[in-house]
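Data first, discussion second: the structure below is written as structure tokens.
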Amino acid sequence: MRITLFGTGYVGLVTGTCLAEVGNDVVCVDVDAAKIAGLERGQMPIFEPGLADLVAANHANGRLRFTTDAQAAIAHGQMMFIAVGTPPDEDGSADLSHVLTVARSIGQHVDGYRVVVNKSTVPVGTADRVRETIAAELAARGAKVEFDVVSNPEFLKEGDAVKDCMRPDRIVLGADSERAIELLKTLYAPFNRNHERIVLMDVRSAELTKYAANAMLATKISFMNEMANIAERVGADIELVRHGIGSDPRIGYSFIYPGAGYGGSCFPKDVQALERIARGQGYEARLLDAVEAVNRDQKEKIYELIMRHFSGVLAGKTIALWGLAFKPNTDDMREAPSRRLLEQLWAAGVKVRAYDPEARAEAQRIYGARADLVLCDDAHAVLDGADALAILTEWKAFWSPDFERIRTGLRTPVIFDGRNIYEPQAVEAAGIAYYGIGRGRSLRRTDKRP
Numbered sequence: 118m119r120i121t122l123f124g125t126g127y128v129g130l131v132t133g134t135c136l137a138e139v140g141n142d143v144v145c146v147d148v149d150a151a152k153i154a155g156l157e158r159g160q161m162p163i164f165e166p167g168l169a170d171l172v173a174a175n176h177a178n179g180r181l182r183f184t185t186d187a188q189a190a191i192a193h194g195q196m197m198f199i200a201v202g203t204p205p206d207e208d209g210s211a212d213l214s215h216v217l218t219v220a221r222s223i224g225q226h227v228d229g230y231r232v233v234v235n236k237s238t239v240p241v242g243t244a245d246r247v248r249e250t251i252a253a254e255l256a257a258r259g260a261k262v263e264f265d266v267v268s269n270p271e272f273l274k275e276g277d278a279v280k281d282c283m284r285p286d287r288i289v290l291g292a293d294s295e296r297a298i299e300l301l302k303t304l305y306a307p308f309n310r311n312h313e314r315i316v317l318m319d320v321r322s323a324e325l326t327k328y329a330a331n332a333m334l335a336t337k338i339s340f341m342n343e344m345a346n347i348a349e350r351v352g353a354d355i356e357l358v359r360h361g362i363g364s365d366p367r368i369g370y371s372f373i374y375p376g377a378g379y380g381g382s383c384f385p386k387d388v389q390a391l392e393r394i395a396r397g398q399g400y401e402a403r404l405l406d407a408v409e410a411v412n413r414d415q416k417e418k419i420y421e422l423i424m425r426h427f428s429g430v431l432a433g434k435t436i437a438l439w440g441l442a443f444k445p446n447t448d449d450m451r452e453a454p455s456r457r458l459l460e461q462l463w464a465a466g467v468k469v470r471a472y473d474p475e476a477r478a479e480a481q482r483i484y485g486a487r488a489d490l491v492l493c494d495d496a497h498a499v500l501d502g503a504d505a506l507a508i509l510t511e512w513k514a515f516w517s518p519d520f521e522r523i524r525t526g527l528r529t530p531v532i533f534d535g536r537n538i539y540e541p542q543a544v545e546a547a548g549i550a551y552y553g554i555g556r557g558r559s560l561r562r563t564d565k566r567p
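All residue numbers for the sequence shown refer to the numbering used here, where the first residue is 118 and numbers rise by one.
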């Protein structure tokens, strides 16, 4: 099938590449000429495991092309996917300007029946606005062209996006047109072979499903961080609690890992946007407010522990930092806990030496050259001259370190483990003080609480 895909970010590039991988003729269009030129040269705008090889292979065999020419791209596609960004507006609601710009372009240039697929995460009712925008442009041209607008939200996890796209656990289709549904069933047939993954529903329900899914996952994370803060105060170990509740099949182990807060391009934005959607309907989503507030506070946790250990005196110290990306297997630093910690440390007069296997270039782009930030090429290089080590991303390379090397490399051997990847006893046996999230022993060490 001939597919046009607007947007070459995480969702657009991964979706377009995977559709090309199963034999479709895909054109990805973007207004960023430098990004398109880079993709044509094989330069990836993002890091996602396995994606670069798929892009190169499908581009080489002609099934995946990149362009800035929207008119030509619209002429190409039987189905047109909108996968552009919907960043938070000033009030936290989703900014639909990019989505509606694409809709206007489609209305200005479409010359025959098309299925327009909303892949971006958008508020309930966006399909109606896209339909109205296209219809208005067609009317202005005096053109009579049939089209359908459907909702097909993505459920890709950064770091596992290719796998999630090639082997989805569900394919949600929100549509009221049998013609569009049959075309989408044909498109997704290669991803839907061994059991039925397609979940059909109306458009508005599909739009809400995406927000509900992300809000549920964010709620589990914030709930667990709330429990971790209680565990710290009563002298319990949240990791033992996690195993105790995760073994209940009604709860499960997914997304109940305490830590330094969630980040990324989805959870913070979508929880906030869903709360604004509810408010717009006259409903106060108190649980969503709490989820957001707990996460905001949790991003302060590592700094709080550092301040406690050093008795509030941080000026002139150097902190080694492992992990800048908001999660492993990505270079994405949007809303990452590391960003909040960096701001706090710098404000306190602290210098930072940081290492991340993939996010160094992104950190350089965000912060530029600073005297109080050194981006290192090696995990152990950050230890040189540092007073303490903080861990904010659970990259596999950090899981089994040489604790003796850490101890001798730090001026005052102490680890602040923002992802609870180490056992406190093992760290302390190596002669290193340990602070984790919700590990009650850490609080008792300094505060002497029962």
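Positions of the beta carbon are idealized from the N, C-alpha and C atoms, including for glycine.
The structure displayed is predicted, hence computed values, not measured ones.
Helix, strand or coil at residue i [DSSP, three-state]
i, result
"Lys386", "helix"
"Tyr420", "helix"
"Asn537", "coil"
"Tyr374", "coil"
"Asp501", "coil"
"Gly555", "coil"
"Leu459", "helix"
"Ser107", "There is simply no residue 107 to check, as the chain begins at 118 and stops at 567 in what is shown."
"Leu492", "strand"
"Leu213", "coil"
"Asp564", "For Asp564, the predicted model reports a pLDDT of 40, less than 50, meaning its position is unreliable and no value from the coordinates is stated."
"Pro454", "helix"
"Leu273", "coil"
"Ala465", "coil"
"Ser517", "coil"
"Ala190", "helix"
"Ile163", "coil"
"Asp448", "coil"
"Lys261", "coil"
"Tyr379", "coil"
"Asn342", "helix"
"Ala329", "helix"
"Asn175", "helix"
Proximal residues to residue i (C-beta, below 8 Å), its chain only, five neighbours per side dropped
i, result
"Gly276", "Glu165, Pro166, Lys444, Pro445, Asn446 and Thr447"
"Glu343", "Val411"
Cβ-based neighbour list, residue i, same chain, cut-off 6 Å, excluding 5 preceding and 5 following
i, result
"Phe198", "Leu122, Val234 and Lys236"
"Arg119", "Asp142, His193, Gly194 and Gln195"
"Gly397", "none"
"Ile153", "Asp147, Phe183 and Thr185"
"Val247", "Ala220 and Val266"
"Cys135", "Cys282 and Met283"
"Ser268", "Asn235, Ala244, Gly291, Val320, Ala323 and Glu324"
"Glu271", "Val128 and Lys236"
"Ala437", "Arg470, Val499, Leu500, Ala503 and Leu506"
Which residues DSSP lists as bridging residue i, in chain order
i, result
"Tyr472", "Trp439"
"Thr184", "Val146"
"Met196", "Ile120 and Val232"
"Val289", "Val316"
"Ile532", "Leu506 and Tyr551"
"Pro205", "Ala211"
Limits of the unbroken alpha helix (DSSP H) element including residue i
i, result
"Leu431", "Unbroken run through Leu431: none, as it is neither H nor E."
"Leu304", "Glu295 to Tyr305"
"Gly129", "Tyr127 to Glu138"
"Gly363", "Ile355 to Gly363"
"Gln398", "Premise fails: Gln398 is in no alpha helix (DSSP H) and is neither H nor E."
"Phe308", "Per DSSP, Phe308 belongs to no alpha helix (DSSP H) and is neither H nor E."
"Arg284", "Looking at the DSSP string, Arg284 is not in any alpha helix (DSSP H), and its letter there is neither H nor E."
"Phe427", "No alpha helix (DSSP H) contains Phe427, which DSSP labels as neither H nor E."
"Arg482", "Arg477 to Tyr484"
"Arg246", "Thr243 to Arg258"
Beta-carbon proximity list for residue i, same chain, < 7 Å, skipping 5 on both sides
i, result
"Pro541", "Tyr551, Gly553, Arg556 and Arg558"
"Pro474", "Trp512 and Ala514"
"Gly155", "Pro162"
"Gly381", "Glu275, Phe443, Lys444, Asp449, Arg451 and Glu452"
"Glu263", "Tyr230"
"Ala173", "Gly159"
"Lys327", "Thr238 and Pro270"
N- and C-terminal bounds of the beta strand (DSSP E) containing residue i
i, result
"Asp406", "Unbroken run through Asp406 is the alpha helix (DSSP H), Arg403 to Gln415; no beta strand (DSSP E)."
"Met318", "Ile315 to Met318"
"Asp265", "Phe264 to Ser268"
Integer Cβ distance of residue i from residue j, believed to fall under 8 Å
i, j, result
"Ile288", "Arg314", "5 Å"
"Leu325", "Val241", "5 Å"
"Leu459", "Arg477", "Their Cβ separation, rounded to whole angstroms, is 14 Å, which puts Leu459 and Arg477 out of contact at 8 Å."
"Thr435", "Lys386", "Going by Cβ atoms, the distance from Thr435 to Lys386 rounds to 33 Å, so no, they are not a contact pair."
"Val201", "Gly124", "4 Å"
"Arg393", "Gly133", "Between Gly133 and Arg393 the Cβ distance is about 30 Å, and since that is not below 8 Å, they are no contact."
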